[in-house]
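The next block holds one structure in the form of C-alpha cells; read it before the comments.
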Amino acid sequence: MSLEDHVEELASDLDVDKEEVKRDLENLVNYSVPMDEAKQSLRRKYGDGGGGGSSGPSSKAIGEVTTDDSNVTVTAVVLTSGRRSIQYNGEQHVIREGELADESGTISYTAWDGFEGELEPGQTVQFGNAGVREWDGKPELNLGDSTDATVLDERLDIDAEVGGEADLRDLEPGDRGITVEVQVLECETKTIDGRDGETEILSGVLGDPTGRLPFTDWEPHDEIEAGASVRIEETFVREFRGAPSVNVSEFSTVESLSESVSVAEDAPRMGVGEAVESGGQFDVELVGNVIQIRDGSGLIERCPECGRVVQSGQCRSHGAVEGEDDLRTKAILDDGTATVTVILDDELTEEIYGGDLDDAREHARDAMDKSVVADRIAERVVGREYVVRGSLSVDEYGANLNASEFGESTADPAERAKALLAEVEP
Ligand SMILES: [Zn+2]
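When we follow this note's numbering, the leftmost residue of the sequence shown carries the number -18, and every step to the right adds one.
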C-alpha cells in the first residue's frame, strides 16, 4: 500500500478531510513512526469509535488479526452462533460461540452474557474492542464487557456460508452452532456422573449421505432414537478419540423428519498419510500392504476386571490376575505414504487365522508355545494388500485403526499399477 492508499483508507474510515489526514500521516512517517502505529495514532486523534477514548484498538481485517493483537475492532458477518452452558467462578453462564467472517477470512469467537441480539447469523456487526486470545495456535475473539457490538446495514462480500448447515464429512472439532440432518444409526442410554450427580445421556452414531460420526446428547431428546431421521439445530463438535463427535445440548432443537435421510454405505477412502495427518477419522477406508504383525497379537490374555492385555500374569491396573484368553491382531499397514496399526478383534482375527479360540489354544498347547498363533497369522497376511475399514485415532500411542472390515484387496495388480501410473504421469 502506498502512502496515498493509507490516506485514502483513513480519510474514508474516519470521515475527515483527505488533505488534513495526509499532512498528519506524512508528518508521523517523517518522524520514523511505523505506518501501522501512525495510522492507529490518527484513528485515536480523529476518534474512530470502537471502545472510544484514547486507547481504542485499531480496526482490522479478520485475515490480519494475529495472536499478537490484544484488542481489535472488526466488522464482520455472523456465520454461526451456538449457546453453551458453563460454570465460571461458581456461577452458571450461557456463552455463545461461533464464527465470524469478512472479505479477508473467518475467525472463531466466544461471547459472554449480553450479545443475544447482535449474534444472529447473517447480521453484519461491528465489534469494537474485542479481545484476542490464542486457541489451538490460532487467534480467537473474546467478546466481553468492554466490547461494544453495533449491528450495521452494510453487506459484506464474504465467501463463507451463513447458518452452519453442514454435512457430517465437513465437521471439525471446535465447530459450533451447527445444523445437521441425519439418520440415527445407533443409540443407547448411558448413566454418567454429571455436574449434579447421576444423569442420563444418549450416545451413538449418526449418518448422512457423506459419512458417519459418533454423537452424545447431554439432555436426551425424545426424537433421537435408533432409526429416526432428524434435523438437529445448534449442535457443537468436539474431539472424541481423535475424530469429530456431534454434541447435542439443552439448547439444541431436534425435529423429526418425515423423509428418511440416506446414509453413505461406504466409508470415504483416504491415503494412510492423509488420514493420519487429519488427526483421526471415525469411519474410513484405507488400502495398503501388511508389512508386519506386532507383539501382542495372536493368542493373548486379558484382565477379567478391565479387559487390558495381561503380560506375565500382571495387569497394569490390577496387578496379578487370572487372565482370560482372547484373540487379537495388530497389523502394520503401509501404503507408501505412512503406516497405521490396524487392530483386529477376535472375529476378524479368527478369519485370518483360520480357526477359533479353541483351535488357537490347541495349536499353542501342541507347540508348547503361544507365539505359533501369531506366527501363522503373520505367514498368512504379511506382504499382502488389504482394504481396511474402521475408526482411526491418532494420539500419543500412535495411529491406530480399530477395524470393522478387513479384506484382501481384489484389485487386479496390473490395473492397480496402471492407476498408480496414471496418478504419477502428468
Ligand atoms: Zn485390569
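Note that beta-carbon positions come from the ideal geometry of N, C-alpha and C, so glycine has one too. Small disclaimer: the values here were computed from a predicted structure and weren't measured.
**Prompt:** Once you ignore the five residues that flank I313 on each side, which residues in its own chain have a CB closer than 8 Å to its CB?
**Reply:** Around I313: V271, I272, Q273, I274, R275, T320, V321, T322 and V323.
**Item:** Span of the beta strand (DSSP E) around A384
**Value:** Under the DSSP assignment, A384 falls in the beta strand (DSSP E) whose first and last residues are G379 to E389.
**Request:** From the DSSP output, in three-state form, read off Y412 for me.
**Result:** Nothing can be reported for residue 412, as the shown portion of the chain is limited to -18 through 407.
**Prompt:** Three-state secondary structure (DSSP) at G30?
**Reply:** In this prediction, G30 scores a pLDDT of 48, lower than 50, which makes its location untrustworthy; no coordinate-derived value is stated.
**Asked** At a cut-off of 6 Å, is R289 close to ligand 1 when judged by its beta-carbon and the heavy atoms of the ligand?
**Response** Yes, the Cβ of R289 comes within 6 Å of a heavy atom of ligand 1.
**Prompt:** Which whole runs of the beta strand (DSSP E) in the segment 277 to 319 are 3 residues long or more, in chain order?
**Reply:** Qualifying beta strand (DSSP E) stretches, in chain order: 279 to 283 and 305 to 315.
**Request:** Using only alpha-carbon positions, find the residue among N381, R136 and D307 that is nearest to E84.
**Result:** Between E84 and the set N381, R136 and D307, the nearest pair of CA atoms involves R136.
**Message:** Looking at G86: is its Cβ nearer than 7 Å to the Cβ of G145?
**Reply:** Against a cut-off of 7 Å, the Cβ pair of G145 and G86 comes out as no contact.
**Request:** Could you pull out every residue in the same chain whose Cβ sits closer than 8 Å to the Cβ of D(-14), ignoring the five residues on either side in sequence?
**Result:** Setting aside the 5 residues that flank it on each side, D(-14) has no residue in the same chain whose C-beta is closer than 8 Å to its C-beta.
**Asked** ligand 1 heavy atoms versus the CB of E305: any closer than 6 Å?
**Response** At a threshold of 6 Å, E305 does not count as near ligand 1, since its beta carbon sits no closer than that to any of the ligand's heavy atoms.
**Asked** From what residue to what residue does the beta strand (DSSP E) around G133 run?
**Response** Before going further, note that residue 133 is Leu rather than Gly in the sequence given. Taken as a continuous stretch (DSSP letters only), the beta strand (DSSP E) holding L133 covers D129 to L133.
**Prompt:** So A224 and S(-7) are in contact, right, with Cβ under 8 Å, and what is the actual spacing, rounded?
**Reply:** With a Cβ gap of about 47 Å, A224 and S(-7) do not count as contacting.
**Message:** Can you tell me whether R346 is helix, strand or coil according to DSSP?
**Reply:** Assignment of R346 by DSSP, reduced to helix, strand and coil, places it in the helix class.
**Request:** Answer with buried or exposed for T172, where buried requires no fewer than 16 other C-beta atoms within 10 angstroms of its C-beta.
**Result:** Exposed.
**Prompt:** Does the beta carbon of E286 fall short of 6 Å from some heavy atom of ligand 1?
**Reply:** The answer is yes for E286.
**Item:** R346 classed as buried or exposed, judged by whether at least 16 other C-beta atoms fall within 10 angstroms
**Value:** Classification of R346: exposed, given that the 10 Å Cβ count is below 16.
**Request:** Identify whether H(-13) lies in helix, strand or coil by the three-state DSSP scheme.
**Result:** DSSP places H(-13) in helix when its eight states are reduced to three.
**Prompt:** For ligand 1, any of its heavy atoms closer than 6 Å to the Cβ of S293?
**Reply:** The answer is no for S293.
**Item:** Closest Cα partner of G300 within the set R309, F96, D315 and R283
**Value:** Looking at R309, F96, D315 and R283, the one whose alpha-carbon comes closest to that of G300 is R283.
**Message:** Quick check on A392: does DSSP put it in helix, strand or coil?
**Reply:** Here A392 sits in coil by DSSP.
**Message:** Please list the terminal residues of the continuous alpha helix (DSSP H) segment that includes K(-1).
**Reply:** That run of the alpha helix (DSSP H) goes K(-1) to N11.
**Prompt:** At which residues does the beta strand (DSSP E) containing T48 begin and terminate?
**Reply:** Neither: T48 is in no beta strand (DSSP E) and is coded neither H nor E.
**Prompt:** Hey, quick one: how far does the beta strand (DSSP E) through V271 stretch, first residue to last?
**Reply:** Looking at the DSSP string, the run of the beta strand (DSSP E) that includes V271 is G261 to I274.
**Asked** Secondary structure at Q104, three-state DSSP: helix, strand or coil?
**Response** In the structure shown, Q104 sits in coil (DSSP, three-state: anything other than H, G, I, E or B).
**Request:** Could you tell me the distance, in whole angstroms, from the CA atom of K311 to the CA atom of G335?
**Result:** If you take the alpha carbons of K311 and G335, they lie about 16 Å apart.
**Prompt:** Rounded to a whole number of angstroms, what is the C-alpha to C-alpha distance between V165 and T391?
**Reply:** Approximately 32 Å between the Cα atoms of the pair.
**Request:** Would you mind working out which of Q68, D339, A380 and I139 sits nearest D327, comparing C-alpha positions?
**Result:** For D327, the nearest C-alpha among the options comes from D339.
**Asked** Which term fits S35, buried or exposed, when burial requires 16 or more other beta carbons within 10 angstroms of its beta carbon?
**Response** Because S35 carries a pLDDT of 39, less than 50, the predicted location of this residue cannot be relied on, and the following value inherits that uncertainty. Classification for S35: exposed.
**Message:** Rounding to the nearest angstrom, what Cα-Cα distance links G32 and R25 in this structure?
**Reply:** With a pLDDT of 41 at G32, under the threshold of 50, the modelled position of that residue is not reliable, and the figure given next carries that caveat. Cα-Cα distance, rounded: 11 Å.
**Request:** Taking T330 as part of the alpha helix (DSSP H), name the residues at either end of that continuous run.
**Result:** For T330, the enclosing alpha helix (DSSP H) stretches over residues D327 to Y334.
**Message:** Nearest by alpha-carbon distance to R64: which of L(-16), L(-5), I159 and G388 is it?
**Reply:** Cα-wise, what sits closest to R64 is I159.
**Request:** Less than 8 Å between the CB atoms is what I'm expecting for E167 and G185, so what's the real figure, rounded?
**Result:** Separation of the CB atoms of E167 and G185 is rounded to 4 Å, and the pair is thereby assigned contact status at 8 Å.
**Message:** Is S237 near ligand 2 - that is, is its Cβ less than 6 Å away from at least one heavy atom of it?
**Reply:** Absence of ligand 2 is noted for the structure shown, with ligand 1 being the only ligands found.
**Asked** Taking the alpha carbon of D49 as the point to measure from, which residue in W116, Y69, N70 and L9 has its own alpha carbon closest?
**Response** It is W116.
**Request:** Specify the secondary structure class of E115 as computed by DSSP and reduced to three states.
**Result:** E115: strand per DSSP, three-state reduction.
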